[in-house]
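One structure is given here, and the rest of the page talks about it.
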Ligand code: SF4
C-alpha cells in the first residue's frame, strides 16, 4: 500500500536497448529508474550477449532490486527491463518481469516485458494449458511469450501476425531474442511506447522522459499496431494486423500517469496539464484568494488554473517525497491522521484564505475528505475542489487499477453528494469536451471509458467477473450496476 493514496495505479513501465558497445544493463537500469512512477512493486532486467541470456528480477523499487554486481552480471549488447505494478496476476515474485520462455521446438529463449492488460487472457490461458504448455506465472504477459514461441510460422512477421490476431486489449511490449530487440504496440495504441537512437543502436521506452534522462533524443512514437525489429542489420518496421477500428490512447496518461516532462503523440505533457487547469478555470470560476495543487501531478494544472483565473498560485501542501510502498500497517492514531502521512499543510500560506484546490482525480473518495480536513485545520476559510478529469464511473480493463463500480464514488453518488462527502464548499469536474480540447486531439483517437463507460472493445465478460469478484459482502446479485450519477 501507499499511505494516503487513492490515486489510480499504473500497470508498468517497459524499456529496451539494442546497443553494441554500450553498457546496456546500466542504460536499462537508469531507464527504469526514470520510469519508476509507472510501477513500484517489482523490477527486472534481462540481457543477451548473442549467445546467452542473463536475468535479474526482484520485488521493490529499481534502486532496491539492482546493485553493481547485478549490472556486471547482466552482460551483452541487448537488454530489456520492466517496472511493475500488478493489475493482473497479483503481487508475487513469480510475476516479476521480464518473463523468459523457451521456444517449444528449438529451445531458443525469448524475454518479454509488458505494459497493459490482455482482455482475453483467461481464454488464452485455458487454450495454452489444453495444449500442455506449462504456464508458470499468473500474469498475462507470459501468455504472449508462449504464443510467440508456439506460432506455426517461420518469419517474425508471420509470428507476430499469428499472435496479434489472437491477443486482445492493451499491450506495449519490449521483446528480446538472442540477437534481436522488438518493440510492439497494440493496434489501439492504448499505452505509450517511443523510440530513440543511441550510438550504433536504438532504445525503446514507455515514455520519452526515460530517453532524455540518458541524453538520448526521441526519434518518434511506436505507432499503434506497429512492430519494430532491431538487429545487426539495422531497424525495420512492420504492421502485422489490420489497424484497429478505433484508436484508444489512454486519456489518463495525459491527466496523471505520464511524467510532465514526457511527450505523448509528440506533445509535452506539462503544458497540456496547464491547459487542463485553464479550461477548469473557464468552466468552474470561483472567487478565491489562492490556488494550490495536490502534489505532484496536479501542480501544472493548478498553475494553469491560477493564471487563467488571475488568482495567485501558492504551494499549500508539501508532499513527503520519500513515501513509497510499505507493508507496515499504520496504527489507529496514524490512520486517523490519514493523509498527513503523505502531505503536510503549510498553515502560514492557507490560514484565513479562500482556497481553490486542484487535483487530478477522486477515485474511491477515501483520501480527498482527509485532504480537505487537513487544509481546513490549517485555517482555510473556504475550499473549492477542482478536478482535471470528468467523474470516473467505470473500471479500467487496459492496465490500470482504478476500482470497481462499487468502489468508484462517482458511479454511486451525484457531484453534489460527492461534494458533501468530501466536505468541500464547491466541487467542479472538467468536462470531457474541455479535457479533449486541452489535450488537443479528437476524442475518437482516445479511450475515455472510465469517464463514459463506453469501451473501445467488448469487455462485458471482464466487467461481470470483476464486479462479482469484488462485490461487497451482503450485496444482492440482482443489483443493477448500469447506473451512474
Ligand atoms: S479506461 Fe480510463 S484509465 Fe483505462 S485506458 Fe481507458 S482512459 Fe485509460
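Numbering (the numbering used here), first residue to last: 8 to 492. Just so you know, even glycine gets a beta-carbon here, dropped at the ideal spot from N, CA and C. Note that the structure is a prediction, hence the values are computed from the model and not measured.
For residue 358, the three-state secondary structure derived from DSSP is coil. Excluding residues up to 5 positions away in sequence, 392, 422, 425 and 426 lie with their Cβ nearer than 7 Å to the Cβ of residue 434 in the same chain. With 16 or more neighbouring CB atoms inside 10 Å of its own CB, residue 402 falls in the buried class.
Within the same chain, Cβ atoms closer than 7 Å to the Cβ of residue 431 are found at 379, 390, 391 and 392, the five residues on either side in sequence being excluded.
The bridge partners DSSP lists for residue 203 are 210 and 225. Each of 416, 25, 47 and 319 was checked against the Cα of residue 212, and the nearest Cα belongs to 25. For residue 197, the distance from the CB to the nearest heavy atom of the ligand SF4 is below 8 Å. Per the DSSP secondary-structure output, residue 86 pairs in a beta bridge with 24 and 54. Ranked by Cα distance from residue 291, the first of 353, 313, 279 and 327 is 313.
Taking C-beta separations shorter than 6 Å and ignoring five residues to either side along the sequence, the partners of residue 410 in its chain run 370 and 371, following chain order. With a cut-off of 8 Å, the C-beta of residue 257 is classified as near the ligand SF4, since at least one heavy atom of the ligand falls inside that distance. A buried status is given to residue 412, since no fewer than 16 other beta-carbon atoms sit within 10 Å of its beta-carbon. Between the alpha carbons of residue 361 and residue 388 lies a gap of roughly 5 Å. At least 9 Å separates the beta-carbon of residue 233 from that of residue 284. DSSP places residue 220 in the helix class (H, G or I) of the three-state scheme. Per the C-alpha coordinates, the member of 135, 289, 197 and 182 positioned closest to residue 86 is 182.
In this structure, the beta-carbon distance from residue 309 to residue 365 falls below 9 Å. Within a 10 Å sphere around the beta-carbon of residue 159 sit fewer than 16 other beta-carbons, which makes this residue exposed.
Residue 350 has its CB no nearer than 8 Å to any heavy atom of the ligand SF4.
A direct Cα-to-Cα measurement between residue 289 and residue 255 gives close to 27 Å. Secondary structure of residue 266 (DSSP, three-state): coil.
In this chain, the alpha helix (DSSP H) harbouring residue 37 covers 31-41. For residue 467, the three-state secondary structure derived from DSSP is helix.
Not one heavy atom of the ligand SF4 is found less than 8 Å from the C-beta of residue 20.
Residue range 306-316 is occupied by the alpha helix (DSSP H) that includes residue 314.
In its own chain, leaving out the 5 sequence neighbours on each side, no residue places its CB closer than 6 Å to the CB of residue 113.
Residue 349 counts as buried, since at least 16 other C-beta atoms from the protein chains shown sit within 10 angstroms of its C-beta. Rounded to whole angstroms, the Cβ separation of residue 122 and residue 179 is 5 Å, and the two are in contact under 8 Å. Between the segment 71-86 and the segment 147-156, the count of C-beta pairs closer than 8 Å stays below three; the two stretches do not touch. Your pair residue 109 and residue 115 checks out as a contact, with CB atoms roughly 7 Å apart and the cut at 8 Å.
Between residue 258 and residue 176, the gap from beta carbon to beta carbon reaches 9 Å or more.
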